[in-house]
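S.K.:
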Ligand code: GLA
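Numbering (this note's numbering), first residue to last: 6 to 735.
1) Run the CB neighbour count on residue 311, radius 10 Å, all protein chains shown included, and call it buried at 16 or more, exposed below.
2) Any contact between the stretch 407 to 422 and the stretch 362 to 380? By contact I mean 3 or more CB pairs, one from each, below 8 Å.
3) Look at the alpha carbon of residue 636 and the alpha carbon of residue 488, and state the distance between them as a whole number of angstroms.
4) With 16 as the cutoff for other CB atoms within 10 Å, does residue 290 come out buried or exposed?
5) Would you call residue 438 buried or exposed, if buried means 16 or more other Cβ atoms sit within 10 Å of its Cβ?
6) How is residue 341 classed by DSSP in three states: helix, strand or coil?
7) Quick test of your reading: residue 328 and residue 522, contact by CB under 8 Å. State the CB separation rounded to the nearest angstrom.
8) Excluding five sequence neighbours on each side, which residues of the same chain lie with their C-beta closer than 7 Å to the C-beta of residue 2?
9) What distance in whole Å lies between the Cβ atoms of residue 689 and residue 736, which are believed to be in contact at a cut-off of 8 Å?
10) Using only CA atoms, which one of 223, 215, 235, 423 lies nearest to residue 269?
11) Within its chain, find whatever has a CB closer than 6 Å to the CB of residue 716; leave out the 5 residues flanking it on each side and keep chain order.
12) Can you tell me which of the three DSSP states residue 336 falls into?
13) To the nearest angstrom, how far is the alpha carbon of residue 624 from that of residue 598?
14) In chain order, what residues of the same chain lie with their CB nearer than 7 Å to the CB of residue 634, ignoring the 5 residues before and after it?
15) Just mark residue 232 as buried or exposed, buried being the case when its beta carbon has 16 or more other beta carbons within 10 Å.
16) Answer yes or no: do residue 561 and residue 648 have a C-beta to C-beta separation smaller than 8 Å?
17) Count the other CB atoms, across all protein chains shown, that sit within 10 Å of the CB of residue 678; report buried if there are 16 or more and exposed otherwise.
18) Inspect the beta-carbon positions of residue 199 and residue 165 and report whether they are closer than 8 Å.
19) Check whether the stretch 292 to 305 and the stretch 607 to 619 touch, using three or more Cβ-Cβ pairs below 8 Å as the test.
20) Go ahead and pull the three-state DSSP assignment for residue 33.
21) Cβ of residue 566 within 8 Å of Cβ of residue 209?
22) Any heavy atom of ligand 1 closer than 7 Å to the beta-carbon of residue 550?
23) Could you check which residue in 500, 443, 466, 427 has the C-alpha nearest to that of residue 456?
24) Look at residue 56 and residue 72 and say whether their C-beta atoms are less than 8 Å apart.
25) Assign residue 82 to one of two classes, buried (16 or more other C-beta atoms within 10 Å of its C-beta) or exposed (fewer than that).
26) Ends of the alpha helix (DSSP H) at residue 109?
27) In three-state DSSP terms, what is residue 571?
28) Excluding five sequence neighbours on each side, which residues of the same chain lie with their C-beta closer than 6 Å to the C-beta of residue 343?
29) Just list the beta strand (DSSP E) runs in the stretch 54 to 128, keeping only unbroken ones of 3 residues or longer that don't cross its boundaries, in chain order.
30) What does residue 411 pair with, by DSSP beta-bridge criteria?
31) In chain order, what are the residue ranges of uninterrupted alpha helix (DSSP H) at least 4 long that sit wholly in the stretch 376 to 431?
32) Just to confirm my understanding: we take residue 177, look at its own chain, exclude 5 residues before and 5 after, and list those with CB closer than 8 Å. What are they?
33) What separation, rounded to the nearest whole angstrom, lies between the Cα atoms of residue 751 and residue 265?
34) Which residue wins for smallest C-alpha separation from residue 543, given the options 389, 255, 478?
35) Could you have a look at residue 606 and say whether DSSP puts it in helix, strand or coil?
36) Check the Cβ-Cβ distances between residue 319 and every residue of chain B, and say whether any is below 8 Å.
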């Protein structure tokens, strides 16, 4: 049983595989956090509760003079009543007063997992996979009711959390902050790991020690962002890639978010995560309910690697949905870096013709096929095929590509509008805007206001019309700027700060409608590369274009960082031309192919201009992709050598039954007389005997993992070398 309750002492124990999470209700009704970590057998751990109070400058509640909320570890702390640390909840009453303190009312256990209305969320394939604890709390003075949800996975080290707030009073309440979860730690001896970045430089791994005061990772951009992914890991100081305690946190949300940690005066640490309270407000009229996005909590005693593998498992089977979740994805060729805006049907068919010869399976027509769109200054919003530019109808083009033996995919950027577009001329008020204030442009475009029903309907209609008009197998859904003038003038002033979240409720509604209307289509999300690589988008679309940086050297880091949270089969990765368009670097074709194998795999180059030897290489790479696909797509992923730390990278994929593995090693720059580089494998069965085919050696799993082997050859072949090694049970 995942949830164990001591009804007398009001202790809640959540057992998620190897981890336990404990809470206890105090006699005054406060919900204390007791413990989160490796599994413990006892329910009653109240000897570790930090029940102190009475010190100057840490006030005590009237009914508990011996305590101070400022010192306690609390499950869902409010504000204004003596806890001065970062809160989970801030609420204003009609007079503008801001104080809230929740007390326990009741609880119940739900078999399975309730849905989060209108929001993407982790789901169950079988009800027996998880139990959910619902703890009802209230602030009786405000008339605010809160339900705290804890969904506990029996077979995974996963607990997911979210909160539902209901206005049970007769007057309006305003939520200023409603985090999805607050997690307390009795001690603060952790490092905080985050994934920061920029356009074309996403998800750089950074690990810093928690220190007194607050530390925040966040986005205020109206998207989960390139700049900081909605993820953090608190790592025990001695935790490594393979060993030690790590607590991973990820928000199932695509908008602005906040992850904030505070180390207190008592050296405890509090971490909250949820919608960014910056510029946020949500008005609750009497009877209204507000649901926060879901936070995913992962426990690992096997370092960062163990944490990542748990996220990967959960997201592969309990987040991504639809027909394509478990299906082999077609090897695609995208025309963006091949042609940019300059193409017509003949050019695309010529690409398809060459691509078919080497085993590529799908052609994706990127930006530039609609409205007036020969550069990025116009056309967004006009989702009508530009037949004059293509030289034929979309259906004719698709049929010609199919006749070459390839399926057809198409690009959209539905959430945007160009000021130079028919849509803007017809509906200048459909974008996010503040009347009288000029709209700030990003890539010459404005953001449509997806909180508006008319906009949602327009998108569903116009996109569906295109998707119905031809046999389309794939959609790339792009989003190429962040939000400014985030405002919907139709909303009353008291609701105007709701726009950031209303936008995402609108987007999720549109995504739900379109993806369920076209279940056969494979959707890939994109935001100038990986600016919205988050679990919210993965719920609707099982893969995300990882970065606009297609340089293979850069990709080693970007993909390594992305793998901290997101499964390899969700990482969009392509082989592109050299000199690379982002870095001007020239790397060998094989190196580019091996890097792109760690992902969904495809090409993004003008195949009609490739020399014969590169075309031969594509054939080899396509074969390699098919050979290794089951391992890469379904296997467990182990990071072996960190590209952020040096000149090499290595990782491996291991089959579930541990009978097979693929090891990939990469050398960035060669050095003369370089020392031998040893790699130790991971995840094998220590007692199983394996053959490393390319090395011709036969060894037990324990030898390969403890002694490892010297990476062959690479160091004699120049810069940018890679090897793939196949490990098979003998
Ligand atoms: C974004 C995407 C690219 C490409 C362009 C088209 O930058 O990330 O892959 O689709 O838009 O404009």
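Ideal Cβ positions, reconstructed from N, Cα and C, are used throughout, including at glycine.
M.R.: Working from what's here:
1) buried
2) yes
3) 39 Å
4) Exposed: under 16 other Cβ atoms inside 10 Å.
5) Counting C-beta atoms within 10 angstroms of its own C-beta, residue 438 has 16 or more neighbours from the protein chains shown and is therefore classed as buried.
6) The three-state secondary structure of residue 341, taken from DSSP, is helix.
7) With 8 Å as the limit, residue 328 and residue 522 do not qualify as a contact, their Cβ atoms being about 13 Å apart.
8) Residue 2 cannot be examined here, being either before or after the span of the chain that is shown, 6 to 735.
9) The displayed coordinates of the chain run from 6 to 735. Any statement about residue 736 would go beyond what the structure contains.
10) 215
11) 670, 682, 684
12) DSSP places residue 336 outside both helix and strand once states are collapsed to three, so it counts as coil.
13) 11 Å
14) 333
15) buried
16) Taking the C-beta atoms as reference points, residue 648 is found nearer than 8 Å to residue 561.
17) exposed
18) Residue 165 is positioned such that its CB atom lies no closer than 8 Å to that of residue 199.
19) no
20) Residue 33 falls in the coil class under three-state DSSP.
21) yes
22) yes
23) Nearest C-alpha to residue 456: 500.
24) yes
25) buried
26) Segment 108 to 116 is the beta strand (DSSP E) holding residue 109; no alpha helix (DSSP H) there.
27) coil
28) 610, 611
29) 94 to 97, 108 to 116
30) The partner list for residue 411 (beta bridge, DSSP) is empty, contrary to what the question assumes.
31) 392 to 395, 399 to 408, 427 to 431
32) Result list for residue 177: 99, 288, 289, 290, 291, 499, in chain order.
33) Absent from the model: residue 751. The displayed extent of the chain is 6 to 735, so no value can be given.
34) 255
35) coil
36) Absence of chain B from the displayed structure is noted, only one protein chain being present.
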